[in-house]
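One line per chain: the protein sequences are V and A, in this order. Take 6 as the starting number for the first sequence in our numbering and just add one per residue. Take 6 as the starting number for the second sequence in our numbering and just add one per residue. All C-beta atoms, glycine included, are put in the ideal place defined by N, C-alpha and C. This one's a predicted model, so the numbers in the text were calculated from it and none came from an experiment. Heads up: the structure comes next, in structure tokens.
There are 2 protein chains.
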Amino acid sequence: MTKKYVYSFGGKKAEGSAAMRNLLGGKGAGLAEMTRLGIPVPPGFTITTEACLEYFKNKQFPKGMFNEAVAALTRVEKIKKEKFGDPANPLLVSVRSGSRASMPGMMDTVLNLGLNDQTVLGMIKKSHNEQFGYDAYRRFVAMFGTIVMGVKREHFDEAFTAALHTHRVSLDAMLPANALKELVATFKKIVMKEAKRPFPDDPMEQLQMAIAAVFDSWFGARAVTYRRLNNIPDTWGTSVSVVAMIFGNRGDDSGTGVLFTRNPNTGERRFFGEFLFNAQGEDVVAGIRTPLPISALEQKLPKAYKELVSIFNTLEKHYKDMLDLEFTIEAGNPYLLQTRVGKRSAAAAVQIAVDLVKEKRITKEEAILRISPASLDHLLHPMIDSTEKIKVIAKGLPASPGAAMGRVVFSAEDAEQKAAKKEKVVLVRAETSPEDIGGMHAAQGIVTSRGGMTSHAAVVARGMGKCCITACGDIRINEEEKFFTVGRNDTEGGELMVREGDFITLNGSTGEVILGEAKLVKPEMSEAFQTLMRWADAVRRLRVRTNADTPQDAKMARKQGAEGIGLCRTEHMFFSEERILAVREMILAHTVEERKQALAKLLPMQKNDFMAIFKEMEGLPVTVRLLDPPLHEFIPHTLDEIAVLAKEIDWPVDRLQSEIAALSEVNPMLGHRGCRLGVTYPEIYEMQVQAIFEAACELKQQGVRAVVEIMIPLVAHQREFAEMKALTTRIGEEVMKRYKKKVAYMVGTMIELPRAALIADEIAKEAAFFSFGTNDLTQMTFGLSRDDSAKFLPTYIKNNILPEDPFVTIDQSGVGALMQIGVERGRKSRPELKVGICGEHGGEPASVEFCHKIGLNYVSCSPFRVPIARLAAAHAYLKEKAEKGKKAGKK
Amino acid sequence: MTKKYVYSFGGKKAEGSAAMRNLLGGKGAGLAEMTRLGIPVPPGFTITTEACLEYFKNKQFPKGMFNEAVAALTRVEKIKKEKFGDPANPLLVSVRSGSRASMPGMMDTVLNLGLNDQTVLGMIKKSHNEQFGYDAYRRFVAMFGTIVMGVKREHFDEAFTAALHTHRVSLDAMLPANALKELVATFKKIVMKEAKRPFPDDPMEQLQMAIAAVFDSWFGARAVTYRRLNNIPDTWGTSVSVVAMIFGNRGDDSGTGVLFTRNPNTGERRFFGEFLFNAQGEDVVAGIRTPLPISALEQKLPKAYKELVSIFNTLEKHYKDMLDLEFTIEAGNPYLLQTRVGKRSAAAAVQIAVDLVKEKRITKEEAILRISPASLDHLLHPMIDSTEKIKVIAKGLPASPGAAMGRVVFSAEDAEQKAAKKEKVVLVRAETSPEDIGGMHAAQGIVTSRGGMTSHAAVVARGMGKCCITACGDIRINEEEKFFTVGRNDTEGGELMVREGDFITLNGSTGEVILGEAKLVKPEMSEAFQTLMRWADAVRRLRVRTNADTPQDAKMARKQGAEGIGLCRTEHMFFSEERILAVREMILAHTVEERKQALAKLLPMQKNDFMAIFKEMEGLPVTVRLLDPPLHEFIPHTLDEIAVLAKEIDWPVDRLQSEIAALSEVNPMLGHRGCRLGVTYPEIYEMQVQAIFEAACELKQQGVRAVVEIMIPLVAHQREFAEMKALTTRIGEEVMKRYKKKVAYMVGTMIELPRAALIADEIAKEAAFFSFGTNDLTQMTFGLSRDDSAKFLPTYIKNNILPEDPFVTIDQSGVGALMQIGVERGRKSRPELKVGICGEHGGEPASVEFCHKIGLNYVSCSPFRVPIARLAAAHAYLKEKAEKGKKAGKK
């Protein structure tokens, strides 16, 4: 049996369905499903993604594919009662791409295909509208010329603008038929000149070329970039849907629109859409004409509107989710052209999921799984502080919520370049196009002077969870000279000029553009968010702690739901101005006595630090890591700083210089740090342990319960740990005896060296807990210095050698394999061993899921990411449950 | 049943035997065994090592031990017909330590125990020799005072020298009885003054104290150091043998000697011993009086000599090995006091083992196992080039063979300090004592002006495999002012002064001390050595290759038996003067074109390198590693050098400086190196691969067969390897097509990152071979930079956290565990996968054994260590066979 490459739909029957998304793409599956539901959809057919992948093997259509397509086309002709290429009664089609994942605007669509100098006459005859016919024809030539034949869009735009000028009109709809007819001829000349071949007049040849072009667009630069940013594999391929044309540009009882069944920014349960009368779909999406709100349709075409509302409701009920729909009204009759689950802001996603549970459409567990944990990142971003005075200089549409602050740039390239240098930038454009996504990704936020709520900028920014303002007509951009002006709403009256590099702030929730750096504050969590997090907490098994070095962070994290501190880095406390001198004296000490004197100065300060943190975390465990970084990190390295220090400690500069030189290391990451400091200078760890226990005892005197976990860093050998544990226990017991108090404490270790994971059974004999330090573990396992990898990692990512940054998401086959070994061997010696993770991976959803899978007790992450980890932990549990269910089902 | 702590021997019966070495120590077991063999041995008893370990628990003798000892003493009294402490007929005993392993001079012995003011009279009465009696007494007080009561030896020496002066004699034997008697009184006063307690007169108290002192000496500083250097565990403990005294100092028909049954330097089958007439054992070992060769005994006491020869032969036959014997002749009657397998030079060990096979005493396999692979190191050390003119300034006894060159130092501490700074030193001392072993270990070689072939210096140096000259009376040492002089053999006639820091060279095989740095050459291998290596090759399974970067090294290694090159580092070729400029141009190139131009200059040079190496290794595999180190290693870093380079390449200095700064890395070990260079600058690897294949093809044209293995370094991800393999294959096939030749080649990888070992199954799908780069693998697994570890590793070794340097011997539980994972997973994907090791561990015997165990195909090491690896591989096989035999026996 040969493979089936083409699936028909239309006339209330469809070969495909929503379940065939992988084969038919989102668009093809949606058209088939809607057809089955009895919703008015123009007839057509979809060529499968398999055909696309076959095509890439030899750059030709797989055998039989085009014949199948022609057969399906005949079926469309029958339903529409028109004939493809028939000069008297021509069938016109659109050719559209559609992949498994939604990639808005990333690939190409050709409308009005089938037109030539003969068929256009048939179209005119049927519509009694010459202007309409030639308008469709000129659009087709330009689209086909651009997309299929590779002519630059500008050439057609120039000729079009020239025509407007010649005919002294300002809008395309105002061009007379003969002008449009002339344009067709001009456009064909442009094609001949630029593409060096004539425009194809044979509709079948047009169809063949268009299908191939859609296939090819899968490897177009924009699509490739989009896939990389969104982790979509190249091997999915795209489908091609060929659909009978419906004309929204047939007059005032026609038009085209897009609609979200709920508000994609807030989640509010109300239709949210835009409509353009007498227009084709491309006009809405391109954001060139500013569309009307959907309510305009209700007033002007109430019957069609009513019919549409019924369709929208049917579809939402069927798909059990907020939908993003495209429709066209042709002569008062609505047709649905696309249905897909709508992209939405993180806040809206939460609101919608919680509402759908309340509406009894989905379960709580489904609601949890609907929210991507990473998307919460967006919800947790700061907002503009409403109590501060700000200077609003312009206002546009609030296209994607949140706030953003940065220096103005006017091109995507500039945005990428500056962001690479860690500068925060805001991208200001007349409108964005798919070429700009790299720059949009790099920018803090985006403003466009044109476009609407569903323009390219708006859709893409929402998907990225990035603040965006569109249709901000107040600003006038001079791209060439790199400034924009806003007129007369400056209090002084004149024009205000904002140059490249000036700071602006965006409020994506109100559409306000603010001059300068506005103060940003953390967002308030919505009620829906709190509800969802409660549901998540109820199902997850993994505990979530935070990495916090200050009482402020501890407090914030506890508010975000942290169930303890998984990593309190004591060295961060060493850097403050009033301490650093004592720290340096300690480091430069030549004798144990000198070192102890310096440490004695630090003791009360460290004790106070710990008291404050323990107090914030009262009753919850706090894991304190003893000093970890190499000592030279605390010492100045520039000549000026050295001179200052030399004066402070009353040393000759050259002596200090040579001491500092002696401290330097070839590979500090692999050097004298972690518990190696504790072994060589036990007095340092003794001071820290003393401070910890004194803090806990004094709090106990005040009735505050501290739960102390002392963590020994960079352990490679069980004897190293045993020695540091003995030191800790000895000092701890001494302090508790002195205070006559008992403090709950454990001594454990970080597992951050490959060796530690490998000999975890030996270490666990002594250690009460493990915490995977996956930052360093990744560096050692890969032999990859975070500080130096910038020189080659870009090539690695470009060449697809490392598709994911192992410092962002746990490298499961390497680092993860070691973690698994560590957990298994550790628990072999000590079944009750508590195991956590405190690397930055602890707040990254895929890594959290992995931690759940290998049986960790908790993850610890930055305060800001605690909710993400909580949700990710719930996801991990639910996925595991689903898989178990599947397995049980199979048995 | 209570434990038995004491084992008697004497009167032709013994409770112990040679098999009880662990319990009785080497000395106790030997005395028991000799007693059983009917050899004259003074009666006595041995207190077990178990008693010693019990003693350490509470610092008191275990219950019943001393009672058992007293009972055994009664048995000795009966055999000797003397009574311990009896003023009329006193029994005297020696109290000696003896551990499982021989630790020459490391622990303490007390002679003549049982003497006091009364018993000395009985002794005099029986011997009719007052001088003899008081000589024994004064020796006893000094020895007991030093060893048991902790008085410094110098105090007694001073008093003794004063007595010699007073009585105007130069030798101790010339002191009259009354002078010796006075000395006893003086010595007792010294004890009272220094130890703050009277000298014990009660023989039982003396015995108790002496036994405890011997136990305590197990944790004496010297013993602890010796054990650390020789990997002897603290938990073995020492035994104590209490033996009836035999007096070698009873007159001219008495004496004491030591004897090796074969020559311990050459292995020659001839008695090799020394004898002192009228002396006690301590006089020989201490090296204070220069002893006579054993032949002197044959002339003076032929009957005793004949009896001894028969004993020596009986013992050698019994033990099937060359023995180190201590004996005493008392009034013409010989007694054996100790038998042990004799320490010997590596050359002697080989000769003896091969001879014993020829004498049909042992099997070939036993012979192989008798030679410690590490000891070959010594055999393979360079010797002084005999064709060069050298200036011999002094001559002593050739106490330990080999050659050594270094700067003169006069104290063990200086030797240790300078060696720590990587300086080569020669230790020059009047004589050495156990306190000096640290310094002896640190020195290249040792010269002593006093002592003999069996003095402390000689015995210890031979054990260490270190060149040593003793009894070099030509040199006069001024320790205080740190120089030595040699008289009148300077051509100018005067005295020659050699100061600390001057270079000298030692020839340990001739006893010559040479001024300056003599040229050293590799030794010729003896016939016995070649025989042994042939036997080893016949049994081993593991192949042995070499690490060689030059044709010279390759040639040398092939001579040493290397079966291929396991690591040819291409970067070493980059450093030569005529190439480095092109290398630097390549590194500083800004475009691929510039880089290719620079590489084009290197191509012919690299090709010639490979041709020369392939030629030397004709028919054997050569593993070429593509460029590995970070590029900044090839770039100058000092201002002066940068200025020179800037001129050469015609760049402004500041531009060059900033380029160099941009190349620097925070952690170069984890940086832009290995195949990361190949991924980012493929043109570098392309040039290298081209050079390799062109070399192989051109050799093929000449009829020389190269077997090429191309090795990709620092692979972390299978896709990295796949990309570099594709590059290699592409270039290789191109070159072979151009030359119309086929070259046998494989592409494989180093496994030197933990991740590579963990995902070995993935990598092995593509890689034809693995080679463990255990240097870097150790750094990554431990998170330990070789360059920086000096700051803390000493503390780690001192605190017994890391008993062995993981860069010397493979850390089996960490790094080794990863290797095992790598081998298992790799062979899972590719069962025929060839796996080797090319880290420096490849020539270290314990590591070689480990490599055998985990199923590696080959080890690769420096040319110099190839024979060691060959022998170690044979050991590994034989040990495995023995274990299998044991297991099979148990079934």
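So ASN804(V) contacts chain A; which residues on that side make the cut at Cβ distance below 7 Å?
What ASN804(V) touches in chain A: VAL684, GLU728.
Look at LEU5(A) and GLY831(A) and say whether their C-beta atoms are less than 9 Å apart.
The structure shown does not extend to residue 5(A), since chain A spans only 6 to 896, so no value can be given for it.
Mapping the DSSP letters down to three states, classify PHE137(V) as helix, strand or coil.
In the structure shown, PHE137(V) sits in a helix (DSSP, three-state: H, G or I).
In chain order, what are the residue ranges of uninterrupted alpha helix (DSSP H) at least 4 long that sit wholly in the segment 595-641 of chain V?
Listed in chain order, they are 597-621.
Short check: CB of PHE145(A) to CB of MET214(A), under 9 Å?
Contact flag unset, no.
Could you tell me if ALA466(V) is buried or exposed, where buried requires 16 or more neighbouring beta carbons within 10 angstroms of its beta carbon?
Counting Cβ neighbours within 10 Å, ALA466(V) comes out buried, since at least 16 surround it.
Using only alpha-carbon positions, find the residue among LEU342(V), GLU210(V), ILE736(V) that is nearest to GLY49(V).
Of the listed residues, the one whose Cα sits closest to GLY49(V) is LEU342(V).
Which runs of the beta strand (DSSP E) at least 3 residues long sit entirely within the segment 296-360 of chain A? Give them in chain order.
List check, beta strand (DSSP E) in window: 328-335, 338-346.
Note down, in chain order, each residue of its chain lying with its Cβ closer than 7 Å to the Cβ of PHE276(V), except the 5 sequence neighbours on either side.
Once the five neighbours on either side are set aside, the close Cβ partners of PHE276(V) are LEU264, THR266, ILE299, PHE317.
Is there a C-beta anywhere in chain A that falls below 9 Å from the one on THR496(V)?
The predicted model places THR496(V) with a pLDDT of 49, which falls under 50 and marks its position as unreliable, so this point remains unresolved.
What's the call for SER581(A), buried or exposed, on a 16-neighbour Cβ count within 10 Å?
SER581(A) comes out exposed.
So, at 6 Å on beta carbons, what are the nonlocal neighbours of LEU185(A) in its own chain, with the 5 sequence-adjacent residues on each side left out?
Counting only Cβ-Cβ distances below 6 Å, and skipping sequence neighbours, we find TYR139, ASP140, ARG143.
Any beta carbon of chain V sitting closer than 9 Å to that of LEU593(A)?
Cβ-Cβ to chain V under 9 Å: no for LEU593(A).
What distance in whole Å lies between the Cβ atoms of CYS57(V) and GLY242(V), which are believed to be in contact at a cut-off of 8 Å?
Their Cβ separation, rounded to whole angstroms, is 4 Å, which keeps GLY242(V) and CYS57(V) in contact under 8 Å.
Kindly indicate which residue of TYR750(A), ILE52(A), ALA336(A) has the alpha-carbon position closest to the one of PHE220(A).
Comparing Cα-Cα distances from PHE220(A) to each of TYR750(A), ILE52(A), ALA336(A), the minimum goes to ILE52(A).
Looking at ARG546(A) and ALA878(A), is the spacing between their C-beta atoms short of 9 Å?
Result yes, Cβ atoms of ALA878(A) and ARG546(A) sit closer than 9 Å.
Of the choices GLU590(A), GLU532(A), ASN862(A), ALA651(A), whose alpha-carbon is the least far from that of THR271(A)?
For the residues GLU590(A), GLU532(A), ASN862(A), ALA651(A), the minimum Cα distance to THR271(A) belongs to GLU532(A).
Within the 9 Å Cβ cut-off, does VAL752(V) reach chain A?
No, its Cβ sits nowhere closer than 9 Å to a Cβ of chain A.
Could you check which residue in ASP326(A), LEU328(A), ALA336(A) has the C-alpha nearest to that of LYS308(A)?
Comparing Cα positions, the closest option is ALA336(A).
Quick check on GLY30(A): does DSSP put it in helix, strand or coil?
The answer is helix: DSSP assigns GLY30(A) an H, G or I state.
Whole angstroms are fine: how far does the CA of ALA651(A) sit from the CA of ASP495(A)?
Residue placement at ASP495(A) is flagged as unreliable, the pLDDT there being 41, under the threshold of 50; a coordinate-derived value is accordingly withheld.
Compare the C-beta of ARG5(V) against all C-beta atoms of chain A and say whether one is closer than 9 Å.
Outside the modelled stretch of chain V, which goes from 6 to 896, sits residue 5(V), for which no answer is possible.
I'd like the span of the beta strand (DSSP E) that includes MET741(V), first residue to last.
Element bounds for MET741(V): not the beta strand (DSSP E) but the alpha helix (DSSP H), 723-744.
Is ALA218(A) helix, strand or coil by DSSP?
ALA218(A): helix per DSSP, three-state reduction.
Give the list of continuous beta strand (DSSP E) stretches no shorter than 3 residues that lie fully inside the segment 227-301 of chain A.
Whole beta strand (DSSP E) segments, 3+ residues: 243-249, 260-265, 277-282.
Sort VAL245(V), GLU287(V), ALA424(V) by Cα distance to GLY253(V) and report the nearest one.
Comparing Cα positions, the closest option is GLU287(V).
For VAL720(A), I'd like the list of residues in its chain whose CB is within less than 6 Å of its CB, leaving aside the five on either flank, ordered along the chain.
So the list reads CYS680, PHE726, THR754, ALA761, once near-sequence residues are dropped.
Counting only beta-carbon atoms, is VAL671(V) nearer than 9 Å to chain A?
Judged by the 9 Å Cβ criterion, VAL671(V) is in contact with chain A.
Which same chain residues end up closer than 7 Å to GLU703(V) when comparing Cβ atoms and leaving out the 5 residues on each side of it in sequence?
Once the five neighbours on either side are set aside, the close Cβ partners of GLU703(V) are MET616.
In chain order, what residues of the same chain lie with their CB nearer than 6 Å to the CB of ALA182(A), ignoring the 5 residues before and after it?
Correct list, in chain order: GLU135, GLN136, TYR139.
Output yes if chain V places a C-beta closer than 9 Å to the C-beta of ALA772(A); else output no.
No, ALA772(A) does not count as interfacial toward chain V.
Specify, as a first and last residue, the run of the alpha helix (DSSP H) that TYR882(V) falls within.
Note, TYR882(V): alpha helix (DSSP H), 871-895.
Within 9 Å (strictly less), CB to CB, does HIS857(V) reach chain A?
No, HIS857(V) does not count as interfacial toward chain A.
Would a check of beta-carbon distances place GLY827(V) closer than 9 Å to chain A?
GLY827(V) does not count as touching chain A.
Helix, strand or coil, according to DSSP, for ARG143(V) in the structure here?
The answer is helix: DSSP assigns ARG143(V) an H, G or I state.
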